[in-house]
Amino acid sequence: MSDQYPPPPHDGPVPDPQQPAYQESGYQQSGQPEYLQQGDGTPLPPAPAQGGGSARKAVLIGGAVVGAVALAGAGAWAALTLAGGGPQPTEALPDDTLAFVSIDLDPSAGQKIEAMKMLNKFPSFKEQMGLDPSDDIRKAIFDEAFKNGPCEGMSYDDDVAPWIGDRAAVAAVNDADGKPAPVVVLQVSDDAKAEKGLSALSDCASESDPTAFVVANGWATIAEDQATAQTVVDDTAKGSLEDDATYRKWMGEIGDAGVVTMYAAPEAAQAIADAMGDQGAELSALDFGSSLADFDGMAGTLRFNDGAVEFEAASTAVDGAASDNAAGALAASLPADTAAAFSFSVPDNWLEQVADRFADMQGDGSSGADLLDQMSAETGLDLPDDFNTLTGDAIAVSVSSDLDIDALSNSSDPSSLPLGVKIKGDPEAIQGVLDKLTPQLGPESDLLGTDSKGDFLVVGPNGDYRGSLLDGGGLGDSASFKAAVPHGNDSTVVVYVNFDAGNGWLDQLAESDPSIADDVKPLDSLGISGWVDGDTSHVIVKLTTD
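Numbering (our numbering), first residue to last: 3 to 548.
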């Protein structure tokens, strides 16, 4: 197993079994191409509606394996299991691959149990999936396909199990003409049996839309045509994605690889724009702080971690992105009983960049400065200076667990609502900007009640809650916050939702719908944390359970 795929954590209920040793694959020989004929209901996913030929083929090969997971009743199980060790699909893809998404079809028993620790908390999963750690998800997929398709007499045990492997990936590669093309790589345990099995699948499919496949060195490469399939195998023999320095760099940024792993090469952004035609050209022309040519790649992974599911990604940071952790520290200073919070730091010159972008989109010759002057005249503010003062070093919106959902929806008097905004900056200067806005609010100006202390100013309708925001309640020390926002104190943006706050506000909302009431009970919290490290942006989205 390569060093960018470290083994999953061993903190689950059952230690992970010994991972298979890394088996280095060669690519010096190529099998002869065979052809799969797509047919409705075969073990391959059903064909989309006729028309849009190339797009339909893209859907076919893009869904040949992963799509089958989604179509089968056991799809959720496959999409939410951890990756095991052993050879990875990147060994069967060339080093100039534009992008890929991979999935593990048969994780180890220990990893399945780790997934079950979370999934079995949801009654609908247990009822609908009916799976346990000993089940083979591959068998579930093909049994469902054979049951509903025209391949009578075929079975997973006889026709698929002798050759199918554990991993698959959907990828965008360069074809023989250097143009992007979709392919699927599927691990196989026996090349000869795989050719026989794939040929058998084609025999019970339609004769239209032949899709080529090449079986070689433990992998089946499925493409739109023979040339593309063979090109992938030949190019991989010269250098695989597994050994590509850029790929290894981005995989190193996201930590342990999980259930689903994804990667986009630096060339992927421009390739997408080119495929979009005129719309892509317009997108390329916009200034978003960095151009498509500046894109340096990204990677992401979806994994389980101690009763939670999380998605982690890393990519090139946009020029001017906030790099300090003021937002994380501000979120951590909110009251411990906070039900929901959104904290962020505004990058330098952010408003000017947005104004320039909108001016370019208008195409009438106006500049960003012209737009800001117009907004200043309409609001009475001095932009962008007043905006920068108002947002300070960081700003956080907070809602207390004492909030009454009915009162929020129906009350005509918002003065009692325990919600507010906390700003770290220059309280006196911030108050000056708010004083400019107050006359424009009329009767709603009461919503801008303020208090300040040290470097902080709070805004909100409820005086008591404003006081609690200034006192600092220690949200950063709460177990729920720590679990959902593991990088809270280092973040430039934090989103946090405590589902159990206020005697379980989510449970109360779900009481009116019995079909989901039991399934929301296990939910504990949701967290999003983003931070910038040098020229790299990181983000983790994490859903935890009780």
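Glycine included, C-beta positions come from ideal geometry on N, C-alpha and C.
It should be emphasised that the depicted structure is a prediction, and the values quoted were computed from it without experimental measurement.
Buried or exposed (CB count within 10 angstroms, at least 16 for buried), residue i
i, result
"PRO91", "buried"
"ALA398", "buried"
"ALA171", "buried"
"ASP515", "exposed"
"GLN113", "Low confidence applies here, because GLN113 scores a pLDDT of 49, under 50, leaving its location unreliable and the question unanswered by this model."
"ASP437", "exposed"
"GLN232", "buried"
"ALA481", "exposed"
"SER110", "Residue placement at SER110 is poorly supported in this model, since its pLDDT is 49, which falls under 50; the coordinates still yield a value, given next. Buried is the call here."
"MET551", "Lying before the first or after the last residue shown, residue 551 is absent from the chain, which here runs from 3 to 548."
"LEU243", "buried"
"MET363", "exposed"
"PRO429", "buried"
"ASP145", "buried"
Supposed contact pair residue j and residue i - C-beta distance, whole angstroms, cut 8 Å
i, j, result
"PRO182", "LEU100", "6 Å"
"GLY529", "TYR498", "5 Å"
"SER517", "ALA319", "The Cβ separation is near 42 Å, so there is no contact."
"LEU405", "GLY504", "7 Å"
"ASP372", "ALA361", "7 Å"
"VAL522", "ASP502", "At roughly 11 Å, the Cβ-Cβ gap does not stay under 8 Å, so VAL522 and ASP502 are not in contact."
"THR303", "ALA259", "5 Å"
Residue i, DSSP secondary structure in three states
i, result
"VAL522", "helix"
"ALA267", "coil"
"ALA329", "helix"
"PHE297", "coil"
"PHE290", "Note that PHE290 scores a pLDDT of 46, beneath 50, so its modelled location is shaky; the value from the coordinates is reported in the next line. Coil, per DSSP."
"GLY478", "helix"
"GLU513", "coil"
"ASN464", "coil"
"ASP453", "strand"
"ASP576", "Shown here, the chain extends from 3 to 548; a query on residue 576 therefore has no answer."
"ILE224", "strand"
"ALA94", "helix"
"GLU380", "helix"
"SER402", "strand"
"VAL235", "helix"
"ASN500", "strand"
"ASP106", "strand"
"ILE425", "strand"
"ILE256", "coil"
"TYR24", "Bear in mind that the predicted position of TYR24 carries a pLDDT of just 33, short of 50, making it too unreliable to give a figure here."
"PRO164", "coil"
"ASN351", "coil"
"ALA202", "helix"
"ASP492", "helix"
Proximity of residue i and residue j at Cβ, strictly below 8 Å
i, j, result
"GLY476", "ASP453", "no"
"GLY462", "GLY451", "yes"
"SER402", "ALA341", "yes"
"GLY365", "GLU354", "no"
"VAL162", "ALA173", "no"
"PRO268", "ASP245", "no"
"VAL234", "ALA222", "no"
"TRP165", "VAL190", "yes"
"PHE215", "LEU203", "no"
"ASP106", "VAL261", "yes"
"VAL543", "GLU312", "yes"
"VAL103", "ALA315", "no"
"ALA343", "GLY490", "no"
Own chain residues within Cβ distance below 6 Å of residue i, not counting five before or after
i, result
"ASP548", "PRO524, ASP526"
"VAL435", "ASP388, THR391, LEU392"
"ALA229", "ALA178"
"GLY474", "SER335"
"VAL495", "ALA329, PHE346, GLY532"
"LEU471", "GLY422, LYS424, VAL460"
"PHE148", "MET156"
"VAL217", "GLY33, ASP193, ALA196, GLU197"
"GLY382", "LYS438"
"ARG169", "PRO91, ASP106, GLN189"
Own chain, CB closer than 7 Å to residue i, minus 5 neighbours either side, in chain order
i, result
"ALA328", "SER347, ASP395, ALA396, LYS426"
"PRO386", "LEU353, GLU354, LEU374"
"MET377", "LEU385"
"GLY241", "PRO96, ASP97"
"LYS123", "PRO524, THR547"
"LYS455", "LEU472"
8 Å CB neighbourhood of residue i in its chain, flanking five on each side removed
i, result
"VAL423", "ILE397, ALA398, VAL399, SER400, VAL460, VAL461, GLY462"
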